[in-house]
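In mature numbering (1 follows the signal peptide of the UniProt record, and there is no 0), the protein residues as written are -27 to -1, 1 to 277. So the structure is just underneath, and the comments pick up after that.
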Amino acid sequence: MIFFKAILTCAILALSVLGRLSSSTDAEEMVMTPGGLVPKSSVHRVPEGARVHHTAAEVHLIAADGTIIHSAPVSKTISTKSKISGTPTSFAPRELSSGYVAYSYWKNNATSDIGSFSTTWSVPPTPAKKDGQILYIFNALIPSSFDGIFQPVLQFGSTPAGGGNYWAVASWYLIGSNTYYTVPAQVKAGQSLTGVMSLKSTTVSGNTTTFHWNSVFTSVPSTSLSISTTEVFNYAYEALEIYTASGASDLPTGKTMMTNINIATQDGLHPPLNWTSISDSTEGFQMAVLSSASTNGTMQITYP
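Below is the structure:
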């Protein structure tokens, strides 16, 4: 039952909008984001100083001067056509599954909501083979509606945000059928990264509370992404996600240690964590929880 619930959760988390598209957009190019396949026209770069504002009905990209750059309704419809547990993409036959192949998640059931979540890891070695694969490694926050994901992401490959045959970092926010990202900044193998998501403030208007968040890699300020949302982030994730990888040579070698995992609630406490791990072990992937401490926790990603 636990495994079934985990797979169901991940199917929702994939955020594929294929089922939401009308026949008029069926032919539109789909691109591979950290939240799954989405229409290319729904992916938006966040200019420096801009922010994303999400209400119950709409999402706005707001420039530093307050000008609304982009506005779109938020769809609450969730498709089950794309599943995190290894649904192949339709681009070409490949040897490895695509999607979330190794990950852990935890749900906050405390009376105080999550206020910060950080993780440190080193950039893995460059894959020996480069043939169009996309790799994502990240920590992330998710609302209970599963209609969004907020994440500082390490990527390899040419993603919808940019990039190439090198490692790069960016912050992403996927909400409904829309995706927002900062410009990827190139990083080097062995470089230490710390991805941090922190609640900066809350505002109340009538019966509506808005949460103001920031995501950033601490050593790469250009990855800073500020958002505001009326949803509560109550799921934390650590994940490896891959697309169109032909085999083990398309992946890093060895292991990636996700360390210094720190989660604090808004009351300043560090809640006990009970992580659930899911891995595509048949292909040699593993996400192992070595320490579930909410201060200085550790996980290990193993590649085939």
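Don't be surprised by glycine CBs; every beta carbon is placed ideally from N, CA and C.
Closest to residue i by CA distance: which of the options is it?
i    : options               : result
W248 : A162, D38, A261, G168 : A261
A145 : S171, D120, A113      : Correcting the residue identity first, residue 145 is Trp in this sequence and not Ala. Ranking the options by Cα distance to W145, first place goes to A113.
N180 : G8, A29, G168         : A29
K228 : G257, P244, I107      : G257
I110 : F119, P97, K103       : P97
Q124 : G8, E31, G270, S250   : G8
P156 : V4, V74, S48, E21     : The sequence shown places Val at residue 156, not Pro. The shortest C-alpha separation from V156 is found at E21.
So for residue i, helix, strand or coil by DSSP?
i           : result
residue 278 : Because the chain here runs from -27 to 277, residue 278 falls outside it and cannot be looked at.
K228        : strand
S14         : helix
A266        : coil
A209        : strand
S55         : For S55, the pLDDT reaches just 35, beneath the cut-off of 50, and the residue's location in the model is therefore unreliable, leaving the point undetermined.
S85         : coil
A218        : coil
S254        : helix
I think residue i touches residue j, with their Cβ atoms under 8 Å apart; what is that distance to the nearest whole Å?
i    : j    : result
V193 : A158 : 5 Å
K173 : N151 : With 8 Å as the limit, K173 and N151 do not qualify as a contact, their Cβ atoms being about 22 Å apart.
T196 : T183 : The Cβ separation is near 23 Å, so there is no contact.
T6   : P133 : 6 Å
K13  : Y208 : With 8 Å as the limit, K13 and Y208 do not qualify as a contact, their Cβ atoms being about 27 Å apart.
Assuming residue i is part of the beta strand (DSSP E), what are its boundary residues?
i           : result
residue 281 : In the structure displayed, the chain extends from -27 to 277; residue 281 sits before or after that span and is not available.
G270        : 270 to 275
S178        : 165 to 178
E1          : Note, E1: premise wrong, no beta strand (DSSP E); not H, not E.
E31         : 31 to 35
L114        : 107 to 116
P98         : Unbroken run through P98: none, as it is neither H nor E.
I140        : Rather than Ile, the amino acid found at residue 140 in this sequence is Trp. Note, W140: beta strand (DSSP E), 135 to 148.
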